[in-house]
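With the UniProt record's numbering, letter number 444 in the sequence shown gets 444, and the count goes up by one each step, no holes. C-beta: ideal position from N, C-alpha, C; glycine also. Comments concern the structure below.
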Amino acid sequence: MAKYLVIVESPAKVKTIKKFLGANYDVEASNGHVRDFPKSQFGIDVEHDFEPKYITIRGKGELLAKLRKAAKKADKIYLATDPDREGEAISWHLMQALKEDPKKMHRITFNEITKTAVKSSIKQARDLDMDLVDAQQARRMLDRMVGYTISPLLWAKVKRGLSAGRVQSVALRIICDREDEINAFIPEEYWSLEGDFQVKGEKKPLQAKFYGTDKKMDIHSKEEMDKLLASLKDKEYEINEVKKGERIKNAPLPFTTSTLQQEAAKTLNFSTQKTMRLAQQLYEGIDIKGNGTVGVISYLRTDSTRISEEADAAAREYITAQYGEDYVSKSEKAVKKGQKIQDAHEAIRPTDISRTPAVLKESLSRDQFRLYQLIWRRFAASRMAPAKYETTSVKIGADQYIFTVSASKIIFDGFMSVYTDEEDQKKGNVLNQSLERGMKLSLKELKPEQHFTQPPAHYTEASLVKTMEELGIGRPSTYAPTITTIISRRYVAKEQKNLYVTELGEVVNNIMKQAFPSIVDVNFTATMEGLLDCVAAGTVKWKTVVSNFYPDLKKDVDAAEEELEKVDIQDEVTDVICENCGRHMVIKYGPHGRFLACPGFPECKNTKPYFEKIGVACPKCGKEIVLKKTKKGRKYYGCEDNPDCDFMSWQKPSAKKCPKCGSYMVEKGNKLVCSQETCGYVEAKDEKE
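Below you can see the structure in the form of structure tokens.
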């Protein structure tokens, strides 16, 4: 009969770990959390020192009974939940729920699900780390306070089952702020100039970019460009300088949760949620032919780039054998200064570097294989020598003006033999001509080109994760759920890779900014994360964090409630007549934003899309322009006569025509801008408009 009980979080790990530990061990799964706050109550006793009230999660009673039965029979109980704060908290909840002698219970953690790691974790069993538990409790309580007190207010204001979250509200604000920047952006004209030069005895011309004089010269208009071209017309061109040098490109650091999500989004087009789901499968165990089930990557929620000594040594040995001594990195990979490292985690890496992607291909699904290959290559590259380039830079003179050429070629590929990112794949300029100082060149052609500055890009999931990490908002385990939440609530629409704010998202963000400025303040949220790190480190008490946060939140909620009570939110009546019953239809909010509904509901259930007229005639056909939404909820302006008229604009059109070219103008912040980018006409918006 089994003497020891091991409790893990996921049922997927049970079989693997049982196989590693043998007949003396019984392995059971808790299926994640077993206790939480009640759904129907606040669950935090504000009057009595913020004591939390936890209850068994609905549907977990039977599972807990089974675990209690197994715990009674065991001499020792090992709590083997995930090696992070949440895992520590789940172990603590299990301890409370099992009601066994605490001396019987031990906490074990392993960073990878391999025989060695699991067996050595049993030898290094420890007591529960209450600082980590408290940090997770504090996070859960802060989130509860925000969600439970603000969501009913949103419900009252926008009249649908909306909700607010501590981190998701800030993520929404970041996206809204970027959208505002894009909408207010006014393109500026600039020009570039390239020259094709003939080198004596060479067939292919030498291409060079115009630089300026001693200083870089910016060209802002066609007039400036024409003037420059005229002065370059009859000049003599000769090579003033040929400089050769060497540049090294260092190997990348191994993946953290954030960098893995970013890279998988860029190169594999995976959403953050998909990346985490696949990584979880690779961590929990893959059935490898001839080996049984084994975890093939280390733990996936980490912001550390540290690698264990054993894994580092194994990687160096493997690289030496496969690629040769020269390819092994001579230096240790240092962690960036000021980087917050959650607990004592390692970076994400393969559990065994000799299990190459090719070896595992048969055992993995297509997507699992692609993600594993990315992790394996990045880790192998991180232990390899830098790549070396030979660089050449050439200056071509024409009186006081200079054209430049720069080129580079790889002389040692180093880590790039295993791993290249998008930038490395862009082919550099290669110089085949032999060029020397003082060489005369003849000008074949000058190629001027007009450009316009571009607005900041819309956020993608990858760039949002990067920004959240840089700003210190959320932690490795929260990026994917935060993004998934704001998309599923339809506050944000994802089209192609880009994230756009929906009408609903705008409304929620505006209310949050107005009524709860500190909740959606980036610095405030980052400070809270810092305080939670201090709780985890044992330097701040968790109740101090919670008791300091709640009174300010309560004050804001009370003030917002009072203001909202003054506003009686009536359904806005329109002049659209319901064709079924003749009543005037009203504007209501749904999950996709506003729509028209018959006030005679439930007798009359007629609804139709709501298109708001903006009081501007369509430039194509003269009918009304209305505010519309794409299928996913992104706003745009189109003709009411669609599909007969195909006019559409992402920016709000103005009734005013461009005095320079006659096209329609669009609103950008407090300016009106010509819709024809090549025209470039801009004027201040009349306040009366």
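So, do the region 511-526 and the region 542-558 have three or more beta carbon pairs nearer to each other than 8 Å? Because the criterion of three Cβ pairs below 8 Å is met, the region 511-526 and the region 542-558 touch.
Using 8 Å as the Cβ pair cut-off and three pairs as the minimum, do the region 213-226 and the region 469-485 touch? No contact exists between the region 213-226 and the region 469-485.
Sub-9 Å separation of Lys104 and Ala74 beta-carbons: Cβ distance < 9 Å, so Lys104 and Ala74 count as in contact.
What does the Cβ neighbour count give for Arg437, buried or exposed, with the cut at 16 atoms within 10 Å? In summary, Arg437 is exposed, with fewer than 16 beta-carbon neighbours lying within 10 Å of its beta-carbon over all protein chains present.
Could you say if the region 361-369 and the region 206-217 meet the contact criterion of at least three C-beta pairs nearer than 8 Å? Because the criterion of three Cβ pairs below 8 Å is not met, the region 361-369 and the region 206-217 do not touch.
Return the chain-ordered ranges of every alpha helix (DSSP H) run that is complete within the region 158-242 and spans a minimum of 4 residues. If only uninterrupted alpha helix (DSSP H) runs of at least 4 residues are considered, those enclosed by the region 158-242 are 166-184 and 222-232.
According to DSSP, is Arg349 helix, strand or coil? It is coil, neither helix nor strand.
Decide yes or no for the touch test of the region 31-40 against the region 54-65: beta carbon pairs closer than 8 Å, at least 3 of them. Yes, they touch.
Classify Ser518 as helix, strand or coil using the three-state DSSP reduction. Here Ser518 sits in coil by DSSP.
Does Ile90 pass the burial test, meaning 16 or more other C-beta atoms within 10 Å, or should it be called exposed? Buried is the label assigned to Ile90, since at least 16 other Cβ atoms lie within 10 Å of its Cβ.
Could you check which residue in Ala184, Asn250 and Arg68 has the C-alpha nearest to that of Gln651? Minimum Cα distance to Gln651 is reached at Ala184.
Which same chain residues end up closer than 6 Å to Glu624 when comparing Cβ atoms and leaving out the 5 residues on each side of it in sequence? Within the same chain, Glu624 has close Cβ partners Lys613 and Glu640.
Ile319 to Glu263, Cα distance in whole Å? Taken atom to atom, the span from the alpha-carbon of Ile319 to that of Glu263 is near 23 Å.
For the putative contact between Leu21 and Val8, defined by C-beta atoms under 8 Å, what is the C-beta separation to the nearest angstrom? Not really, about 11 Å apart at Cβ, beyond 8 Å.
Take Phe412 and list the residues in its own chain whose beta-carbon comes closer than 6 Å to its own, dropping the five residues that flank it on each side. Counting only Cβ-Cβ distances below 6 Å, and skipping sequence neighbours, we find Lys388.
Contact check, Asn670 vs Ala655 under 8 Å by CB: the rounded distance? Going by Cβ atoms, the distance from Asn670 to Ala655 rounds to 17 Å, so no, they are not a contact pair.
How about Tyr500 and Lys330: do their beta carbons lie closer than 9 Å? By the CB criterion at 9 Å, Tyr500 and Lys330 fall outside the cutoff.
Would you call the region 37-44 and the region 107-127 in contact, with 3 or more CB pairs under 8 Å? They do not touch, by the three-pair rule.
So which of Gly285, Asp143, Phe270 and Ile396 has the shortest CA-CA distance to Leu374? The shortest C-alpha separation from Leu374 is found at Phe270.
Alpha carbon to alpha carbon, how far is Asp367 from Ala381? Take the alpha-carbon of Asp367 and the one of Ala381: they are about 21 Å apart.
Can you list, in chain order, the residues of its chain with a C-beta nearer than 8 Å to that of Asp521? Leave out the 5 residues immediately preceding and following it. Excluding the 5 residues flanking it on each side, Asp521 has same chain C-beta neighbours closer than 8 Å at Val170, in chain order.
Assigned secondary structure, Tyr323 (DSSP; H/G/I helix, E/B strand, else coil): The three-state reading of DSSP puts Tyr323 in helix, counting H, G and I together.
What is the DSSP secondary structure of Cys534, reduced to helix, strand or coil? In the structure shown, the three-state DSSP call for Cys534 is helix.
Could you give the residue range of the beta strand (DSSP E) that holds Gln280? First-last for Gln280: Thr272 to Glu284, but that is the alpha helix (DSSP H), not the beta strand (DSSP E).
Supposed contact pair Thr420 and Arg247 - C-beta distance, whole angstroms, cut 8 Å: Under the criterion of beta carbons closer than 8 Å, Arg247 and Thr420 do not qualify as touching, at roughly 16 Å.
Looking at Val626 and Ser649, is the spacing between their C-beta atoms short of 9 Å? No, Cβ-Cβ distance for Ser649 and Val626 is not below 9 Å.
Out of Glu529, Val242, Tyr237 and Phe379, point me to the one whose CA is closest to Tyr401's CA. Of the listed residues, the one whose Cα sits closest to Tyr401 is Tyr237.
Should the region 125-139 be regarded as contacting the region 77-95, the criterion being three or more beta carbon pairs within less than 8 Å? Here the region 125-139 lies against the region 77-95, with 3 or more beta-carbon pairs under 8 Å apart.
Buried or exposed: which applies to residue 741, given that a residue is buried once 16 or more other Cβ atoms fall within 10 Å of its Cβ? There is no way to answer for residue 741, as the model of the chain reaches only from 1 to 689.
What residues in its chain sit with their C-beta under 7 Å from that of Arg378, if we drop five residues either side in the sequence? Cβ within range, chain order: Pro252, Pro254, Phe255 and Tyr419.
May I ask you to report which of helix, strand or coil DSSP gives Ser10? Three-state result, Ser10: coil.
Proximal residues to Glu28 (C-beta, below 8 Å), its chain only, five neighbours per side dropped: Hits under 8 Å: Leu5, Val6, Ile7, Val8, Val14, Lys66, Leu67 and Ala70.
Can the beta-carbon of Lys635 be found closer than 9 Å to that of Thr502? Cβ atoms of Lys635 and Thr502: closer than 9 Å.
Please list, in chain order, all residues of the same chain as Leu596 whose beta carbon is under 8 Å from its beta carbon, the five residues on each side excluded. Excluding sequence positions up to five before and after Leu596, its CB lies within less than 8 Å of the CB of Thr574, Val576, Met585, Val586, Ile587, Lys588, Thr607, Lys608, Pro609 and Tyr610, all in the same chain and listed in chain order.
From the DSSP output, in three-state form, read off residue 701 for me. Beyond the ends of the chain as shown, which are 1 and 689, falls residue 701; an answer cannot be given.
Going by CA-CA distance only, name the one from Cys645, Leu79, Glu603 and Ala164 that's closest to Thr482. Closest option to Thr482, Cα to Cα, is Ala164.
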